[in-house]
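Those letters in the sequence shown? Residues 614 to 726, per the numbering used here, in order.
Using N, Cα and C, we set each Cβ at its ideal position, and we do this for glycine too.
These numbers were taken from a predicted model, which means no experiment stands behind them.
The structure appears right after this line, and notes come after that.
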Amino acid sequence: METKPLDETGAVKALAALAQAQRLRTFRALVVAGPDGLTPGAIAELLEVAPSALSFHLKELAHSGLVSSEPRGRNLIYRANFDHMVELMNYMTKHCCQGEACAVADAASCATC
Numbered sequence: 614m615e616t617k618p619l620d621e622t623g624a625v626k627a628l629a630a631l632a633q634a635q636r637l638r639t640f641r642a643l644v645v646a647g648p649d650g651l652t653p654g655a656i657a658e659l660l661e662v663a664p665s666a667l668s669f670h671l672k673e674l675a676h677s678g679l680v681s682s683e684p685r686g687r688n689l690i691y692r693a694n695f696d697h698m699v700e701l702m703n704y705m706t707k708h709c710c711q712g713e714a715c716a717v718a719d720a721a722s723c724a725t726c
């Protein structure tokens, strides 16, 4: 399924979801877990957070499109949506280096493009 490029509304929704420490930690844990994903219980244990609080954060991340969930038996498996993450990064860097292609190694090097 082909996705359309991220627009401003989608970018704001994704950035707002990440603009909270626990959601950012949760998203990063799912990125590290890769395509295998994690159950909410595993995430809660890994991040030392109450499962009830985690549920709210996972819902916000899913609503933003940054994570997806899939039922597996009696559990849900949450995964980072890497395509959406890449679209967000592309949106943020679309006009980097005055529209010219550049390989930014770090934030400081962007100023020298």
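Asked: Looking at the structure shown, is A663 part of a helix, part of a strand, or coil, going by DSSP?; Found: coil
Asked: State the DSSP-derived secondary structure class of R641, mapped to helix, strand or coil.; Found: helix
Asked: Look at the alpha carbon of L660 and the alpha carbon of L651, and state the distance between them as a whole number of angstroms.; Found: 12 Å
Asked: Could you check whether L679 and M698 sit closer than 9 Å to each other, using their CB atoms as the reference points?; Found: yes
Asked: To the nearest angstrom, how far is it from the Cα of N703 to the Cα of A646?; Found: 22 Å
Asked: So the alpha helix (DSSP H) N694 belongs to, where does it begin and stop?; Found: Where N694 is concerned, there is no enclosing alpha helix (DSSP H), given that its DSSP letter is neither H nor E.
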